[in-house]
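Visitor: Could you have a look at this structure, given as structure tokens, before my questions?
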Amino acid sequence: MLNKYIAHACGGINNITYSNSLEAIEQSYNLGYHFIEVDISQTNDGKFVLLHDWYKTRYQLFGKRGVVSERSFFKDKMVNNLTQMNLDMLLKWLQEHKNIFIISDTKNIAVIKILAYINKVYPDIKQRIIPQIYFFHEYKQVIDLGYDNIIFALYKLKNTEEEIIDFISKHKLVAVSLDKKRAQQGLAFKIKNLGVSPIVHTINDLNTEKLFRKLGVDTFFTDFLI
């Protein structure tokens, strides 16, 4: 189902990564990405905005740190005059771009809260949302909400490799995303042998891509490879 490349955090733009900006997602669309990953964080007044984190990345993009309200988030100026987005802006954009799939990466909020909101407000596009889950118990919660294209992201998980492989072998998954270290230790091949696509993050040069292809990886989160 997945393409070779997935635009990471809406894709890099003007050498800026993690922007999750309107300009980045438009550029990724124009470059031919069909799968776009976005980071979703919750404001201190309970709203959903596109931001990787409230500290390091907020400082990188806005020169400020800390969780704020949605209103304050939109009052700030992003570097290079890029345009920040909330979840509603993203989903309305998705309604207008019919051949695009969004992969969610939720940060300081449970993924099921985002999916429940989409079910309520944007049910027409839910089948073009591919949620990433981070813990075993989230699988059934996401399935129960009607999302059956699921990526299992390993970066928050503390379970053993044996427990991870056992879980993957017993559940239907579109892919499993993992870091370079785990892929190099042989986990990517084990995942692929189960008939599930391993995705490595984040790859931005062709030589590194070739290395991980030899390790069984066919799909990559990337900022700049297209």
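The sequence shown lines up with residues 5 to 230 when you count with the numbering used here. Even glycine gets a Cβ: it sits at the ideal position worked out from N, Cα and C. All figures in this text were calculated on a predicted structure; none of them were measured in a lab.
Is F192 near L219, with beta carbons less than 8 angstroms apart?
Guide: According to the sequence shown, residue 192 is Ala rather than Phe. In this structure, L219 lies closer than 8 angstroms to A192 by Cβ.
Visitor: Quick check on the DSSP output: the alpha helix (DSSP H) that includes F77 runs from which residue to which?
Guide: Looking at the DSSP string, the run of the alpha helix (DSSP H) that includes F77 is 74–79.
Visitor: Comparing the CB of K124 with every heavy atom of the ligand SAH, is any distance shorter than 7 angstroms?
Guide: Only the bare structure without any ligand can be found here, which leaves the ligand SAH out of the picture.
Visitor: Span of the beta strand (DSSP E) holding V180?
Guide: Where V180 is concerned, the enclosing beta strand (DSSP E) stretches over 179–183.
Visitor: Nearest-angstrom Cα distance between G199 and L65?
Guide: Cα to Cα, G199 sits roughly 39 angstroms from L65.
Visitor: For E142 and L161, what's the separation of their Cα atoms in angstroms?
Guide: Near 12 angstroms, if we compare the C-alpha coordinates of L161 and E142.
Visitor: Report all residues from its chain with a CB closer than 7 angstroms to the CB of K194; omit the five preceding and five following residues, and keep chain order.
Guide: Closer than 7 angstroms at the Cβ level, and outside the excluded window around K194, lie I169.
Visitor: I'd like to confirm the pairing. Which residues does DSSP put opposite V42 in its beta bridges?
Guide: According to DSSP, which records beta bridges pairwise, V42 is partnered with S108.
Visitor: How long is the line joining the alpha carbons of Y37 and N163, rounded to whole angstroms?
Guide: Cα-Cα distance, rounded: 33 angstroms.
Visitor: Would you list the one or two residues that DSSP bridges to N90?
Guide: Answer is V53, bridged to N90.
Visitor: Based on Cα-Cα distance, which residue from L86, D128, N123 lies nearest to K102?
Guide: If we check each option's Cα against that of K102, D128 comes out closest.
Visitor: So what's S25 in DSSP terms, helix, strand or just coil?
Guide: Here S25 sits in coil by DSSP.
Visitor: According to DSSP, is V204 helix, strand or coil?
Guide: V204 falls in the strand class under three-state DSSP.
Visitor: Taking the alpha-carbon of V204 as reference, which of N197, D222, L210, L229 has the nearest alpha-carbon?
Guide: Comparing Cα-Cα distances from V204 to each of N197, D222, L210, L229, the minimum goes to D222.
Visitor: Note down, in chain order, each residue of its chain lying with its Cβ closer than 7 angstroms to the Cβ of F228, except the 5 sequence neighbours on either side.
Guide: Correct list, in chain order: G16, N208.
Visitor: List the whole-angstrom C-beta distance separating K68 from D49, where the pair is believed to meet the contact cut-off of C-beta under 8 angstroms.
Guide: So it is not a contact: roughly 17 angstroms between Cβ atoms.
Visitor: Quick one: using the 10 Å Cβ neighbour count with 16 as the cut-off for buried, is N24 buried or exposed?
Guide: The residue is buried, with at least 16 neighbouring Cβ atoms inside 10 Å.
Visitor: Tell me, please, which residues DSSP counts as bridged to P127.
Guide: In DSSP, P127 forms no bridge with anything.
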